Each structure stands twice: as C-alpha cells, then as structure tokens.
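Worksheet: one structure, shown below.
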Amino acid sequence: MTKKEWPLWEIFIRGQHGLNHRHVGSLHAPDAEMAIKNARDVYTRRKEGVSIWVVPSAAITASSPSEKGPLFDPAESKVYRHPTFFDIPDEVGHM
Amino acid sequence: MYAQMVKSEGMKSPEEMSPEERAFQERVDRGEKIEPKEWMPEGYRKTLIRQMGQHAHSEIVGQLPEGNWITRAPTLERKAILLAKVQDEAGHGLYLYSAAETLGVSRDELMEKLHSGAMKYSSIFNYPTLTWADMGAVGWLVDGAAIMNQVPLQRTSYGPYSRAMIRICKEESFHQRQGYAIMMKMAQGTPEQKEMAQDALNRFWYPSLMMFGPSDKDSVHSAQSMAWKIKMNTNDELRQKFVDETVPQAKYLGLTVPDETLKWNEERGHYDFAEPDWDEFFEVIKGNGPCNEERLGARREAWDKGAWFRDGLTAYAEKAAARRAASNVAAE
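In order, the protein sequence lines correspond to chains A and B.
Sequential numbering of the first sequence, starting at 1, is according to UniProt numbering.
Sequential numbering of the second sequence, starting at 1, is according to UniProt numbering.
Structure below.
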C-alpha cells in the first residue's frame with residue numbers, strides 16, 4: 001500500500017501554434033517530468049496539442065467565489081470600453 | 001449509467017430549503033454551472049462523489065473484458081485499434097477521477113473503496129467476453145448504451161463533470177463505431193462467424209438493457225438527482241431510446257435481437273420490448289455475477305503489484321528534489 005499520494009498537477013495544452021495554452025484538466029504524477037509524460041497520454045491522444053505546461057495544483061491561487069461581485073461587477077457599467085459604444089457616421093468609412 | 005442505483009439524498013420542497021439551498025436550486029434551474037469552490041448542499045456533493053466515482057470505476061474495470069482480447073486480436077490493425085480503445089477507457093477513468101477530486105475526495109480513497117467493495121462499478125463488466133465477436137458487441141451495445149446517458153450528461157450542473165463528459169463523448173463515438181464495424185465484418189463472414197456475432201448479441205442484449213438501471217417506478221433516487229441536474233433522463237427513457245436506435249442497426253447486420261416480444265408500436269412510436277431479468281441484475285450488483293470476483297481480483301492485484309513502482313517513482317522524485325535543493329544552496 002502506498003502511503004503517499006502523488007501530487008496533483010494542472011495541465012495546460014497549446015492546441016495549435018499561435019494559440020494560448022489552455023487548461024484541460026488535472027492529473028497525478030510524482031514529479032513534473034512524469035506529469036508531462038502522463039499529460040501526453042491522458043490529454044493528447046488525438047493530436048490535441050503542440051505544447052504542454054504542467055503546474056502543481058497547490059501553486060495555484062484562485063479568487064474566491066464570494067469575491068465575484070466586487071471583482072467583476074464594476075466593469076459592467078463601463079460600456080465605453082467597447083468600440084461599439086461610439087457611433088461613427090457611415091460617411092467616415094471603416095474604422 | 002456507468003453509474004447505476006446511485007443513492008441520492010431526500011428531496012426537499014422549496015419551503016423546506018434553507019435560503020442557501022434555495023439560491024443553489026435556482027442557479028441550477030437557470031442552467032448555471034456549479035464550480036468546485038462554490039457553496040453546494042452536502043447531499044449534492046456526496047451524491048456526485050458516489051456517481052462520478054462509480055462512473056470512473058466502470059471505465060477502469062471496463063478495460064478488463066476488452067483487455068482480454070488484445071493479445072488475440074485477429075489482425076495487427078485490429079489489435080492496434082483495440083489497444084487504442086482500451087487506452088481511451090483508462091483516460092476516461094482519469095478524467096472522471098480528477099473531476100471527482102474537485103469535490104474533496106482523493107483518487108486513492110476512491111480506489112480503496114472500489115477495492116474493498118464499498119463502491120460499485122457497472123454491472124455490465126461482470127459478464128465474460130468469450131469470443132472476438134464480443135469485442136464487436138461490447139463496442140456496439142455497451143458503448144452505445146453508455147453514449148445514451150453520457151450525451152445528456154454533458155449538460156449536467158457540475159462544471160468539472162460536464163467538461164469531463166464533453167471530452168469523453170468526443171472519443172466514445174469511435175468506440176461504438178469500431179464495435180459495429182467488427183459486427184459488420186463478422187455478420188458478413190462465414191456462417192460460423194455470423195453465428196458468433198449472433199451469439200454475442202444474444203449474450204449482451206439483456207445485460208446492456210440492465211445498464212440503465214431498474215425501472216423508474218422502482219428507482220427511489222431519481223427525483224432529487226434530476227432536480228440537481230446530475231441525472232438528466234429517467235432510466236426507462238434512456239432504455240427506450242437505446243432499443244429504438246439499436247434494433248434497426250441489428251436488422252442491418254442481419255442479426256436477430258433475442259426478444260420474441262420485440263415489436264414496433266405504431267401508436268407509441270417506439271418499440272415494445274421485454275424487460276431484462278431484474279433478479280439477475282440484483283445478483284450481479286450484489287457480487288454474484290459470472291465475473292465479479294475475477295474483475296475485482298484483477299484490479300486489486302494490479303494495485304498491489306504496482307505499489308513498488310509507485311513508491312519507486314515517489315522516492316526518485318523526492319531524491320531529485322533534494323538534489324536540486326542542495327545544488328541551489330551550493331550555487332549561492
């Protein structure tokens with residue numbers, strides 16, 4: 001019986017050149033090298049990626065769900081941050 | 001329904017719910033996804049651990065009946081395909097274990113519960129795979145039945161579960177089609193091969209129907225799970241859908257579904273069909289199926305015999321980390 005559980009790793013895959021790495025899930029592995037090997041078998045069996053990042057789950061700090069309001073609501077009233085807020089006459093042409 | 005008869009908690013009316021529970025139910029009703037760190041009723045968490053754990057165990061134990069044929073596949077190509085399929089099942093088990101772990105249970109705890117018999121896996125994997133045609137029947141019928149349940153579960157309320165199901169469904173369709181392709185080949189082969197295909201259908205038909213679990217009228221856990229959207233359809237709905245889709249596929253193969261009462265019901269727009277033997281189902285669930293001991297024995301043996309390897313990798317990782325730390329100190 002193994003006493004120690006392997007730590008958990010979060011896996012990020014770059015799907016194609018030019019795209020960001022994207023979180024795809026997690027897995028257990030004894031160290032970072034094995035985490036990459038396992039990620040290759042678990043998450044890229046069908047050529048889903050060109051690059052893998054592994055990060056110890058314990059190293060991730062997440063915002064708390066209860067902070068959702070104070071963190072994200074202020075952006076709601078700032079519609080002028082979107083280009084569609086401004087009406088540009090058709091005569092001006094493409095902008 | 002790689003998860004069967006998952007025990008759920010008692011259902012509460014809106015008046016009986018606490019304000020938190022009511023707000024939670026409203027979020028689920030609006031179709032919002034629930035994420036790991038967010039508040040959830042304890043019953044929701046527990047039921048999900050049971051269901052996702054059982055589902056993960058089924059993927060892992062499900063490798064065994066098919067693994068049985070890898071070394072005896074009729075061609076190298078068939079062998080490579082079967083190997084890829086079995087590897088997918090391992091992947092599906094891992095997606096589901098990590099999704100379950102977001103609920104505060106560890107994978108090793110879940111494994112331990114599987115090995116001790118405290119948690120179950122699907123009844124279907126307690127049947128033997130006797131011929132190569134069984135590889136066809138398992139892919140076609142067993143994976144086909146699993147898809148019926150897994151496609152709607154992509155919309156389940158729990159975020160990590162839903163995302164795992166989306167990945168699984170993408171891959172599952174390959175499994176069903178490779179099974180059907182085996183059946184086509186066998187059904188168009190020599191009379192002996194066709195007979196093997198028919199025999200596989202005969203043996204796997206009713207166990208496949210059992211995969212959906214007992215009839216809704218006997219299923220006590222459905223209501224709460226459906227309100228929480230961790231069960232999307234009733235057992236009978238899915239079983240009917242499976243029969244309606246599978247019968248024409250059997251006809252195309254020129255095989256006969258082993259049910260004399262099977263008949264298209266014009267009025268209902270569905271096939272009428274015979275229920276499986278539920279006494280047999282309950283016996284298999286209790287551990288008295290043809291292969292329960294063999295399957296669980298193989299799992300326990302793999303876990304125990306792999307212990308030295310897991311420990312070795314852990315020891316290596318610890319030593320390497322210590323060496324890195326020492327060389328960092330030396331560099332300073």
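The beta carbon of each residue, even a glycine, is placed where N, CA and C say it ideally should be.
Every value quoted in this text rests on a predicted model; they were computed, and no experiment measured them.
Residues of chain B with a Cβ closer than 7 Å to the Cβ of PRO56/A do not exist; the shortest Cβ-Cβ separation is about 12 Å. Listed along chain B are ARG107, each with a C-beta nearer than 7 Å to that of HIS28/A. Its chain contains ILE124 and TYR127 as the residues whose beta carbon lies nearer than 6 Å to that of PRO207/B, once the 5 sequence neighbours on both sides are disregarded; these appear in chain order. One finds nothing in chain A with a Cβ atom closer than 8 Å to the Cβ of THR156/B; even the nearest lies about 16 Å away.
By the C-beta criterion, the region 198-205 of chain B is judged to be in contact with the region 134-142 of chain B, since at least 3 inter-stretch pairs fall below 8 Å. Between GLN51/B and the set LYS229/B, ARG30/B and ALA322/B, the nearest pair of CA atoms involves LYS229/B.
In the structure shown, LEU262/B adopts coil according to DSSP, grouped into three states. Residues of the same chain with a CB within less than 8 Å of the CB of ARG22/B, apart from the 5 flanking positions on each side, are PRO14 in chain order. Not flagged as an interface residue toward chain B: ALA35/A, since no C-beta distance is shorter than 8 Å.
The secondary-structure analysis by DSSP pairs GLY117/B with nothing; it has no beta-bridge partner. SER98/B and GLY287/B have their C-alpha atoms roughly 27 Å apart. Unbroken beta strand (DSSP E) stretches of 3 residues or longer found wholly inside the region 240-301 of chain B: 263-265 and 270-272, given in chain order.
A direct Cα-Cα distance of roughly 27 Å separates LEU94/B from LYS319/B. Assignment of alpha helix (DSSP H) within the region 12-82 of chain A, counting only whole runs of 4 or more residues, yields 32-43 and 68-72 in chain order. The alpha-carbon separation between LEU48/B and ALA100/B amounts to approximately 8 Å. Contacts with chain A at 8 Å (Cβ-Cβ) include SER98/B. DSSP places ARG72/B in no alpha helix (DSSP H); its state is neither H nor E.
About 13 Å separates the Cβ atoms of TYR2/B and GLN63/B, ruling out a contact at the 8 Å cut-off.
Contact between GLY136/B and ILE168/B does not hold, since their C-beta atoms are separated by about 21 Å, which reaches or exceeds 8 Å. For GLU192/B, the number of other beta carbons within 10 angstroms of its own is below 16, and it is reported as exposed.
With fewer than 16 other Cβ atoms from the protein chains shown falling within 10 Å of its own Cβ, GLU293/B counts as exposed. Taking a contact to require three or more Cβ pairs closer than 8 Å, the region 154-171 of chain B and the region 241-250 of chain B do not qualify as touching. Taking 8 Å as the upper bound for CB-CB distance, ALA73/B and ALA133/B are not in contact here, some 12 Å apart. DSSP lists TYR158/B as the bridge partner or partners of ILE34/B. Residues of the region 274-297 of chain B that bring their beta carbon within less than 8 Å of a beta carbon in chain A are absent altogether.
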